[in-house]
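What follows is a short report on a single structure.
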Amino acid sequence: MRLSVLICTIEQRKTLFDVLMARINDFLERGDFTSQVEILSECDNREMSIGKKRNLLLSRAKGDYVCFIDDDDSIDEEYFVKILNALESSPDCVQIIGMMNTDGYNQQRFEHSITHPVYYDHQGVYYRYPNHLNPIKREIAQRFKFPEVDFGEDTDWATQIRDSALLQREESIDKVIYHYRYSSRK
Numbered sequence: 001m002r003l004s005v006l007i008c009t010i011e012q013r014k015t016l017f018d019v020l021m022a023r024i025n026d027f028l029e030r031g032d033f034t035s036q037v038e039i040l041s042e043c044d045n046r047e048m049s050i051g052k053k054r055n056l057l058l059s060r061a062k063g064d065y066v067c068f069i070d071d072d073d074s075i076d077e078e079y080f081v082k083i084l085n086a087l088e089s090s091p092d093c094v095q096i097i098g099m100m101n102t103d104g105y106n107q108q109r110f111e112h113s114i115t116h117p118v119y120y121d122h123q124g125v126y127y128r129y130p131n132h133l134n135p136i137k138r139e140i141a142q143r144f145k146f147p148e149v150d151f152g153e154d155t156d157w158a159t160q161i162r163d164s165a166l167l168q169r170e171e172s173i174d175k176v177i178y179h180y181r182y183s184s185r186k
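Everything in the sequence shown is counted per UniProt numbering, starting at 1 for the first residue and increasing by one.
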């Protein structure tokens, strides 16, 4: 198994999750990637924190690389093609380029890469170091735990990995492949 894609969700988002899964399954079948990609999900009624669910999924992952897709986000049709091609050189992680919006407005580009040691915005682009959205070698990702909270767990985990200096080799993808939907209403 080359890649484990991990998805946390809650019962209230079942429709969003079903739409995402239909899209993922369509892309996997069309690209004949089902043998290379493992999809794991964890759903509850908010009994567990998002951090706890992320840790649970991370511990179950069998792929050489792991990444998360948030249940309310979307991926480009070339998501798996681009990532699986990037993994051919066995990097520590893969850069992710995407677009984000807030409540459906203010669409802005983002880049998550080891070339960005701090979070910053420049000329309308959000630059971040790798986080849960980036494919990262499982052996590296599993060394770190998400705090068992419902907000900010992803940044804390990403900061732990950044501070470890274990991410040295990165493959770049020159295309927007992820669509992040930020909701100001939690």
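Every residue gets a Cβ at the ideal spot worked out from N, C-alpha and C, and that includes glycine.
For clarity, every value in this text was computed on a predicted model and none was experimentally measured.
Check residue 68 in the structure and name its three-state DSSP category.
The residue labelled residue 68 in the question sits at position 68 within the sequence shown. In the structure shown, residue 68 sits in a strand (DSSP, three-state: E or B).
Helix or strand or just coil, what does DSSP make of residue 36?
The count along the sequence shown starts at 1 and reaches residue 36 at position 36. If DSSP states are grouped into helix, strand and coil, residue 36 belongs with coil.
Just checking my contact of residue 170 with residue 83 at CB under 8 Å: how many whole Å lie between their CB atoms?
The sequence position of residue 170 within the sequence shown is 170, counting from 1. The sequence position of residue 83 within the sequence shown is 83, counting from 1. At roughly 13 Å, the Cβ-Cβ gap does not stay under 8 Å, so residue 170 and residue 83 are not in contact.
Go to residue 83, then tell me how far its alpha helix (DSSP H) extends in each direction, as first and last residue.
Along the sequence shown, one-based indexing puts residue 83 at 83. That run of the alpha helix (DSSP H) goes 79-86.
Where does residue 160 sit, in a helix, a strand or coil, going by DSSP?
Taking the first residue of the sequence shown as position 1, residue 160 is located at position 160. Residue state, collapsed to three classes: helix.
Please confirm if the segment 123-141 is in contact with the segment 67-82, defined as three or more CB-CB distances below 8 Å between the two stretches.
With the cut-off at 8 Å, the segment 123-141 and the segment 67-82 touch.
Drop a sphere of 10 angstroms on the beta-carbon of residue 4, count the other beta-carbons inside from all chains shown, and report buried for 16 or more, exposed for fewer.
For the purposes of this step, residue 4 is identified with residue 4 of the sequence shown, where counting begins at 1. Answer is buried; the Cβ neighbour count reaches 16.
From residue 96 to residue 172, what does the alpha carbon distance come to, in whole angstroms?
Within the sequence shown, residue 96 is the residue found at index 96, counting from 1. Within the sequence shown, residue 172 is the residue found at index 172, counting from 1. Cα to Cα, residue 96 sits roughly 7 Å from residue 172.
When the Cα of residue 37 is compared with those of 45, 54, 59, 63, which residue comes out closest?
Against the sequence shown, residue 37 aligns to sequence position 37. Measuring from the Cα of residue 37, the nearest candidate turns out to be 63.
Is it the case that the Cβ atoms of residue 13 and residue 40 are separated by a distance below 7 Å?
Here residue 13 refers to the residue found at position 13 of the sequence shown. Here residue 40 refers to the residue found at position 40 of the sequence shown. Their beta carbons are not under 7 Å apart, which means residue 13 does not touch residue 40 by this criterion.
Where does the unbroken beta strand (DSSP E) through residue 19 begin, and where does it stop?
To locate residue 19, count along the sequence shown from 1; it is residue 19. No beta strand (DSSP E) holds residue 19; the alpha helix (DSSP H) holding it covers 14-30.
In the DSSP assignment, find the alpha helix (DSSP H) that holds residue 50 and state where it starts and stops.
By one-based count along the sequence shown, residue 50 stands at place 50. That run of the alpha helix (DSSP H) goes 50-60.
What number of angstroms, rounded off, separates the C-alpha of residue 94 from the C-alpha of residue 149?
As a first step, residue 94 must be located in the sequence shown, where it is residue number 94. As a first step, residue 149 must be located in the sequence shown, where it is residue number 149. Looking at the two C-alpha atoms, the distance is approximately 26 Å.
At which residues does the beta strand (DSSP E) containing residue 97 begin and terminate?
Taking the sequence shown and counting its residues from 1, the one referred to as residue 97 is at position 97. From DSSP, the beta strand (DSSP E) with residue 97 extends over 96-102.
Is any non-hydrogen atom of the ligand NAD found closer than 6 Å to the C-beta of residue 94, if you look at the structure I gave you?
The model depicted lacks the ligand NAD and carries no ligand whatsoever.
Nearest to residue 183 by CA position, among 32, 72, 53, 111, is which residue?
For this step, residue 183 is matched to residue 183 along the sequence shown. For residue 183, the nearest C-alpha among the options comes from 72.
Tell me, please, which residues DSSP counts as bridged to residue 5.
Position 5 of the sequence shown holds residue 5. Looking at the DSSP assignment, residue 5 forms a beta bridge with 39, 67.
Could you pull out every residue in the same chain whose Cβ sits closer than 6 Å to the Cβ of residue 119, ignoring the five residues on either side in sequence?
Here residue 119 refers to the residue found at position 119 of the sequence shown. 128, listed in sequence order.
Can you tell me whether residue 183 is helix, strand or coil according to DSSP?
To locate residue 183, count along the sequence shown from 1; it is residue 183. Looking at residue 183 - three-state DSSP - the assignment turns out to be coil, as it is neither helix nor strand.
If you reduce the DSSP assignment to three classes, tell me which class residue 109 lands in.
Counting from one through the sequence shown, the residue named residue 109 turns up at place 109. Residue 109: strand per DSSP, three-state reduction.
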